[in-house]
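Visitor: Residue numbers (the working numbering), protein chains in the order written: chain A, 1 to 162; chain B, 1001 to 1162; chain C, 2001 to 2162.
Note that beta-carbon positions come from the ideal geometry of N, C-alpha and C, so glycine has one too.
Attaching a single structure in structure tokens format; questions to follow.
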Amino acid sequence: MVNPGSSQPVSAERRLQDLGIVLPNAPHPLGAYVEAVQTGSLLFLSGMLPVKDGKLQYVGRLGKELDESAGRDALRTATLNALSAAKAHVGSLDRVTRVVSVKVYMATHGDFYNQPIVADAASELLRDVFGEGKMSVRSVLGVTALPLGAPVMLEVTFEINN
Amino acid sequence: MVNPGSSQPVSAERRLQDLGIVLPNAPHPLGAYVEAVQTGSLLFLSGMLPVKDGKLQYVGRLGKELDESAGRDALRTATLNALSAAKAHVGSLDRVTRVVSVKVYMATHGDFYNQPIVADAASELLRDVFGEGKMSVRSVLGVTALPLGAPVMLEVTFEINN
Amino acid sequence: MVNPGSSQPVSAERRLQDLGIVLPNAPHPLGAYVEAVQTGSLLFLSGMLPVKDGKLQYVGRLGKELDESAGRDALRTATLNALSAAKAHVGSLDRVTRVVSVKVYMATHGDFYNQPIVADAASELLRDVFGEGKMSVRSVLGVTALPLGAPVMLEVTFEINN
């Protein structure tokens, strides 16, 4: 949507603005770890939860207490936290040269198999911010429980321009 | 089995032929992601499912609807998909200098603890193709549910010769 | 605790001694894989189980057969195995320049959400050995089952000084 027909790389920061997205404050660790570690050109992030204004936006499992739509909303929040944690670490999201990998963990109960639809809430937002050419690999899986009773957790690895 | 007593590196493509393996078509993503991303010398793959001819070869959980033998067969299919996705991305499997890591996720129910035996269906195939000297680290875990109801999912990271 | 007020990097091997920790023998793979793979400056480890003297120290799930305290003890054992596997591969833990990432998998049943407290048994030990400045990112998740019925599994990636 930005720079159509141009060979200029699209600015992720500019796209965020165009999308009307204001990033939340970077999340805080729940223990003896940090939210981001860079090694070489790879930026690893901790598992991001759907925390909003300091508390979980949703609690429960998909397919039991929560439906697909709540799952997508929760995952979008976790994705914004990931973007915020990355920006806090590297200064500007324009330094992201690739979204390398995305893992989406969902607390699920019983026969909940619409995981790809929920996971796309993260993948679509990352694509909208960084562009189609920087899309990641992805794994999605259902788990029994996530920290604090969260319904989803997101793990992202970025490639950074040093 | 190839080049016994020789110091020549063994060709993975040649081994595939010797094993009588014809790789399937590369799998298609189920959402806004891609099947392979290379960053530096690392090639990350998406979680591979036991999809054959466009549909899941098995549906169900190990220890409930499916047994160990079905799990191994499903995981072998997922491994062939991983090899196909890697080859589609880098051109030739001879460019793989190391299988770095393997993660095997299994949808399990109840007391199913023979995970290492099932997981070896992937590890043994990768060893047969790339050789003992390129064996990976591995993690294996049981989960509640995988996309589309798949019994297994495989995540592989390769080191590539640039 | 070592070299207070000094700009000298702290020795992890020295800290281990100060903590009175004697590492166990390096663990053995349960199949066709290896315990450690280095690629570039990254050292990947296999999922480490709470194996002590050749057998699982605990069997069961957190929130059912085992409580938080057993979970922490089991995870500490798995962490010592990770340190041992890393040392066996690179010779000295002083070559670790960063703990890049930690993943803690817990076999959980029902409403067990104190995962961060259990996971800190690994994170705190790694912080005590390598120092606050080398703390990792972290993901924690509850799963249905782990190999051999283990309650916890730990995955660590280190950055190594070449």
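Taking just the CA atoms, how far does R15 (chain A) sit from G2110 (chain C)?
Guide: For this step, residue 2110 (chain C) is matched to residue 110 along the third sequence. For this step, residue 15 (chain A) is matched to residue 15 along the first sequence. Their Cα atoms are separated by approximately 42 Å.
Visitor: Please list the partners that G2040 (chain C) has in chain B, where partner means a Cβ-to-Cβ separation under 9 Å.
Guide: As a first step, residue 2040 (chain C) is located in the third sequence; it is residue number 40 there, counting from the start. Here the neighbours are G1040, S1041, L1042 and E1159.
Visitor: Quick one: list the residues of chain B neighbouring R2060 (chain C), beta-carbon separation under 9 Å, in chain order.
Guide: Numbered from its first residue, the third sequence carries residue 2060 (chain C) at position 60. Note that residue 2060 (chain C) is Gly in the sequence shown here, rather than Arg. In chain order: nothing, as chain B lies at least about 11 Å away.
Visitor: Counting only beta-carbon separations shorter than 8 Å, does L2080 (chain C) have a partner in chain A?
Guide: Numbered from 1 along the third sequence, position 80 holds the residue referred to as residue 2080 (chain C). No, no contact with chain A.
Visitor: Taking the C-alpha atoms as reference points, what is the distance between F2112 (chain C) and I1160 (chain B)?
Guide: Counting from 1 along the third sequence, the entry for residue 2112 (chain C) is found at position 112. Counting from 1 along the second sequence, the entry for residue 1160 (chain B) is found at position 160. So the alpha carbons of these two residues sit roughly 41 Å apart.
Visitor: Tell me the DSSP secondary structure of T144 (chain A) in three-state form.
Guide: Position 144 of the first sequence, counting from 1, holds the residue named residue 144 (chain A). Here T144 (chain A) sits in coil by DSSP.
Visitor: Tell me the DSSP bridge mates of S1041 (chain B)?
Guide: Locating residue 1041 (chain B) in the second sequence gives position 41, counting from the first residue. Note: S1041 (chain B) sits in no beta bridge, so no partner.
Visitor: Taking just the CA atoms, how far does G20 (chain A) sit from R1098 (chain B)?
Guide: The residue given as residue 1098 (chain B) occupies position 98 in the second sequence. The residue given as residue 20 (chain A) occupies position 20 in the first sequence. Using only the alpha carbons, I get a separation of about 44 Å.
Visitor: Suppose contacts are defined by Cβ-Cβ distances below 8 Å. Is G142 (chain A) in contact with A1085 (chain B) by that definition?
Guide: Along the first sequence, one-based indexing puts residue 142 (chain A) at 142. Along the second sequence, one-based indexing puts residue 1085 (chain B) at 85. Going by C-beta atoms, G142 (chain A) is not nearer than 8 Å to A1085 (chain B).
Visitor: Determine, using beta carbons only, whether S139 (chain A) and M1153 (chain B) come nearer to each other than 8 Å.
Guide: Counted from its first residue, the first sequence places residue 139 (chain A) at position 139. Counted from its first residue, the second sequence places residue 1153 (chain B) at position 153. Yes, the Cβ-Cβ distance between S139 (chain A) and M1153 (chain B) is below 8 Å.
Visitor: For V22 (chain A), which three-state DSSP category applies?
Guide: The count along the first sequence starts at 1 and reaches residue 22 (chain A) at position 22. Note: V22 (chain A) maps to coil in three-state DSSP.
Visitor: Check distances from the C-beta atoms of the region 124 to 148 of chain A to those of chain B and list, in chain order, the residues that come in under 7 Å.
Guide: Going along the region 124 to 148 of chain A in chain order, one finds E124, R127, M135, S136, V137, R138, S139, V140, L141, G142, V143 and T144 with a Cβ nearer than 7 Å to chain B.
Visitor: Only counting the same chain, and skipping five residues up and downstream in sequence, which positions put a Cβ closer than 8 Å to that of N1003 (chain B)?
Guide: Walking along the second sequence from the start, residue 1003 (chain B) turns up at place 3. In this predicted model, N1003 (chain B) has a pLDDT of only 44, less than 50, meaning its place in the structure is not dependable enough to derive any value.
Visitor: Check the Cβ of G31 (chain A) against every Cβ in chain C and list those closer than 9 Å, keeping chain order.
Guide: If you number the first sequence from 1, residue 31 (chain A) lands on position 31. Near G31 (chain A) (Cβ distances below 9 Å), the residues of chain C are P2116, I2117, A2119, D2120, S2123, E2124, R2138 and V2140.
Visitor: Mind checking S1006 (chain B): buried by the 16 CB within 10 Å criterion, or exposed?
Guide: Position 6 of the second sequence, counted from the first residue, corresponds to residue 1006 (chain B). Because the pLDDT at S1006 (chain B) is just 47, under 50, the model does not fix this residue reliably, and the point stays unresolved.
Visitor: Assuming P195 (chain A) and P2116 (chain C) make a contact with CB atoms under 8 Å, what is their CB distance in whole Å?
Guide: As displayed, chain A neither begins before 1 nor continues past 162, which places residue 195 (chain A) out of reach and without an answer.
Visitor: Taking any Cβ of chain A, which residues in the region 2084 to 2105 of chain C have a Cβ under 7 Å from it, in chain order?
Guide: From the region 2084 to 2105 of chain C, only R2098, V2100, S2101 and V2102 have a Cβ closer than 7 Å to chain A.
Visitor: By the DSSP assignment, the beta strand (DSSP E) with A2107 (chain C) in it spans what residues?
Guide: In the third sequence, counting from the first residue as 1, residue 2107 (chain C) sits at position 107. Residues V2096 to A2107.
Visitor: Check whether the Cβ atoms of F2044 (chain C) and V1100 (chain B) sit closer than 8 Å, and answer yes or no.
Guide: Reading the third sequence from its first residue, position 44 is the one you call residue 2044 (chain C). Reading the second sequence from its first residue, position 100 is the one you call residue 1100 (chain B). Cβ atoms of F2044 (chain C) and V1100 (chain B): closer than 8 Å.
Visitor: For chain B, check one thing: does any of its Cβ atoms lie closer than 8 Å to the Cβ of A2036 (chain C)?
Guide: Taking the first residue of the third sequence as position 1, residue 2036 (chain C) is located at position 36. Cβ-Cβ to chain B under 8 Å: yes for A2036 (chain C).
Visitor: What residues from chain A crowd round G1047 (chain B), counting only those whose CB sits closer than 9 Å?
Guide: For the purposes of this step, residue 1047 (chain B) is taken as residue 47 along the second sequence, with counting starting at 1. Neighbours of G1047 (chain B) on chain A, chain order: K103, V137, R138, S139, V140 and L141.
Visitor: If you follow the beta strand (DSSP E) that F1158 (chain B) is part of, which residue opens it and which one closes it?
Guide: Taking the second sequence and counting its residues from 1, the one referred to as residue 1158 (chain B) is at position 158. Per DSSP, F1158 (chain B) belongs to the beta strand (DSSP E) from V1152 to I1160.
Visitor: Looking only at its chain, what residues have a beta carbon closer than 8 Å to the beta carbon of D2128 (chain C), apart from the 5 residues adjacent to it on each side?
Guide: Taking the third sequence and counting its residues from 1, one reaches residue 2128 (chain C) at position 128. Around D2128 (chain C): R2015 and L2019.
Visitor: What does DSSP give as the partner residue(s) for M1048 (chain B) in the beta ladder?
Guide: Numbered from its first residue, the second sequence carries residue 1048 (chain B) at position 48. Its beta-bridge partners are B:L1154.
Visitor: Which value, in whole angstroms, describes the spacing of the CA atoms of L1066 (chain B) and V1104 (chain B)?
Guide: For this step, residue 1066 (chain B) is matched to residue 66 along the second sequence. For this step, residue 1104 (chain B) is matched to residue 104 along the second sequence. Taking the straight line from one Cα to the other gives about 16 Å.
Visitor: Against T245 (chain A), what residues of chain B qualify as contacts under a CB-to-CB distance less than 7 Å, listed in chain order?
Guide: In this structure chain A extends from 1 to 162, so residue 245 (chain A) is not present and cannot be described.
Visitor: Is DSSP giving L1030 (chain B) helix, strand or coil here?
Guide: Here residue 1030 (chain B) corresponds to residue number 30 of the second sequence, with the count starting at 1. Coil.
Visitor: Could you check the C-alpha separation between E1035 (chain B) and V156 (chain A) for me, to the nearest Å?
Guide: Indexing the second sequence from 1 puts residue 1035 (chain B) at position 35. Indexing the first sequence from 1 puts residue 156 (chain A) at position 156. When rounded, the distance between both Cα atoms is 15 Å.
Visitor: Is the CB-CB distance between A79 (chain A) and L125 (chain A) below 8 Å?
Guide: What you label residue 79 (chain A) is simply residue 79 of the first sequence in a count that begins at 1. What you label residue 125 (chain A) is simply residue 125 of the first sequence in a count that begins at 1. Before going on, a small fix: residue 79 (chain A) reads as Thr here, not Ala. Result yes, Cβ atoms of T79 (chain A) and L125 (chain A) sit closer than 8 Å.
Visitor: Would you please verify whether the beta carbon of E2065 (chain C) is less than 8 Å from any beta carbon of chain F?
Guide: Of the protein chains in this structure, namely A, B and C, none is chain F.
Visitor: Count the other CB atoms, across all protein chains shown, that sit within 10 Å of the CB of D2120 (chain C); report buried if there are 16 or more and exposed otherwise.
Guide: For the purposes of this step, residue 2120 (chain C) is taken as residue 120 along the third sequence, with counting starting at 1. Result: buried.
Visitor: Please decide whether E2155 (chain C) counts as near chain B, where near means a Cβ-Cβ distance under 8 Å.
Guide: One-based indexing of the third sequence puts residue 2155 (chain C) at position 155. Yes, its Cβ sits closer than 8 Å to a Cβ of chain B.
Visitor: Compute the Euclidean distance between the alpha carbons of S1136 (chain B) and A1082 (chain B), then round it to the nearest angstrom.
Guide: Your numbering for residue 1136 (chain B) matches position 136 in the second sequence. Your numbering for residue 1082 (chain B) matches position 82 in the second sequence. Answer to the nearest angstrom: the Cα atoms are 14 Å apart.
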